[in-house]
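The sequence shown begins at 0 in numbering that gives the first Met the number 0 and counts up one residue at a time. The beta carbon of each residue, even a glycine, is placed where N, CA and C say it ideally should be. What you are looking at is a predicted structure, and each value in this text was computed from that prediction instead of being measured.
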Amino acid sequence: MNIILFGPPGAGKGTQAEKLVSERSMVQLSTGDMLRAEIAANSELGLQAKKIMDAGELVSDEIMIKMIEHRMSGDEANLGVILDGFPRTVKQAEALDEMLKHNNVAIDQVIEISVDEDALFDRIAHRASQSDKARDDDNAEVLTQRLKVYHDNTAPVLPFYRNKGILSQVDGMMSIEEVAEKISEVLDS
Ligand code: AMP
């Protein structure tokens, strides 16, 4: 089974993806984590991406599509993947579709984790205060921009999956455990 966890920054996509990885044998593909690994490795791509990420903007579709294409063609993708942070634009969603068709696989479920935006600022401030999870883009100013980008570029991806009949919504304002339970219900239905 291949799924997409969808939602604005701070919705809990990463947290829920990690839970699914430990509970089911699935592989998490987080494009944000991949980019942060490039930054940590001081690669040319990492240097370019850091500026964009710190400004709360999106890294180019071309780079992101190549990055995910590379990972989707690996053996780990056969286990079933949880896409976390991809696709973030309609162009990425269309490219993903082509990629999957080529590999004779499909996305089975897209789960939108919906949250109250005011709560996101508190969540991100909390994440920023935890030294082991602190990220350079976790501050109110960058979050405001990331949310704008989410509304302008990422939310328009939702109708693409709604039209395919594979979109479900889960209330992300519940506890981590409750959200996980709802996600499991969707996956087992
Ligand atoms: P995330 O960890 O998913 O919140 O991603 C952190 C940042 O990485 C985003 O704000 C973007 O700048 C960049 N990024 C991650 N995934 C993508 C993507 N699919 N397309 C474009 N930019 C991305």
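Original post:
Using a Cβ-Cβ cut-off of 8 Å (strictly less than) and excluding sequence neighbours within five positions of V178, which residues of its own chain qualify?
Top reply: The residue you call residue 178 lines up with position 179 of the sequence shown. Once the five neighbours on either side are set aside, the close Cβ partners of V178 are G11, Q15, I112, V169, D170 and G171.
Subject >> CA nearest to the CA of I64, picked from E43, A36, E75 and S29 >> reply: Numbered from 1 along the sequence shown, position 65 holds the residue referred to as residue 64. Checking every option, the nearest Cα to that of I64 belongs to S29.
Original post:
Quick one: Cα of L46 to Cα of A40, how far?
Top reply: Here residue 46 corresponds to residue number 47 of the sequence shown, with the count starting at 1. Here residue 40 corresponds to residue number 41 of the sequence shown, with the count starting at 1. Between L46 and A40, the C-alpha separation is close to 9 Å.
Original post:
Rounded to whole angstroms, how far is the Cβ of L19 from the Cβ of I110, which I believe are closer than 8 Å?
Top reply: The residue labelled residue 19 in the question sits at position 20 within the sequence shown. The residue labelled residue 110 in the question sits at position 111 within the sequence shown. The Cβ separation is near 10 Å, so there is no contact.
Original post:
What does DSSP give as the partner residues of S167 in its beta bridges?
Top reply: If you number the sequence shown from 1, residue 167 lands on position 168. Its beta-bridge partners are I110.
Subject >> Contact test: Q91 Cβ vs the ligand AMP heavy atom, cutoff 7 Å >> reply: Within the sequence shown, residue 91 is the residue found at index 92, counting from 1. Because some heavy atom of the ligand AMP lies under 7 Å away, the Cβ of Q91 counts as near it: yes.
**OP:** Compute every distance between the C-beta of I81 and the non-hydrogen atoms of the ligand AMP, then say whether any falls below 7 Å.
**Re:** To locate residue 81, count along the sequence shown from 1; it is residue 82. Because no heavy atom of the ligand AMP lies under 7 Å away, the Cβ of I81 does not count as near it: no.
Original post:
Cβ of D96 versus every heavy atom of the ligand COA: is any distance shorter than 7 Å?
Top reply: The model on display carries the ligand AMP but not the ligand COA.
Original post:
What do you reckon, are the CB atoms on M71 and N102 nearer than 8 Å?
Top reply: Here residue 71 corresponds to residue number 72 of the sequence shown, with the count starting at 1. Here residue 102 corresponds to residue number 103 of the sequence shown, with the count starting at 1. It is a contact, given that the beta carbons lie within the stated cut-off.
Original post:
DSSP on L146, reduced to helix/strand/coil?
Top reply: For the purposes of this step, residue 146 is taken as the residue at position 147 of the sequence shown. Helix.
Original post:
How would you label A139, buried or exposed, when you count the other beta carbons within 10 angstroms and need 16 or more for buried?
Top reply: Within the sequence shown, numbered from 1, the residue matching residue 139 stands at position 140. A139 is exposed by the Cβ-count criterion.
Original post:
For R118, which of M173, R35 and M33 has the nearest alpha-carbon?
Top reply: For this step, residue 118 is matched to residue 119 along the sequence shown. The sequence shown places Ala at residue 118, not Arg. When only C-alpha atoms are compared, the closest one is M173.
Original post:
Since Q108 and I165 are thought to touch, with beta carbons under 8 Å apart, how far apart are those beta carbons, to the nearest angstrom?
Top reply: As a position in the sequence shown, residue 108 is number 109, starting the count at 1. As a position in the sequence shown, residue 165 is number 166, starting the count at 1. With a Cβ gap of about 6 Å, Q108 and I165 count as contacting.
Original post:
Straight-line CA distance for L78 to A92?
Top reply: Taking the sequence shown and counting its residues from 1, one reaches residue 78 at position 79. Taking the sequence shown and counting its residues from 1, one reaches residue 92 at position 93. Answer to the nearest angstrom: the Cα atoms are 21 Å apart.
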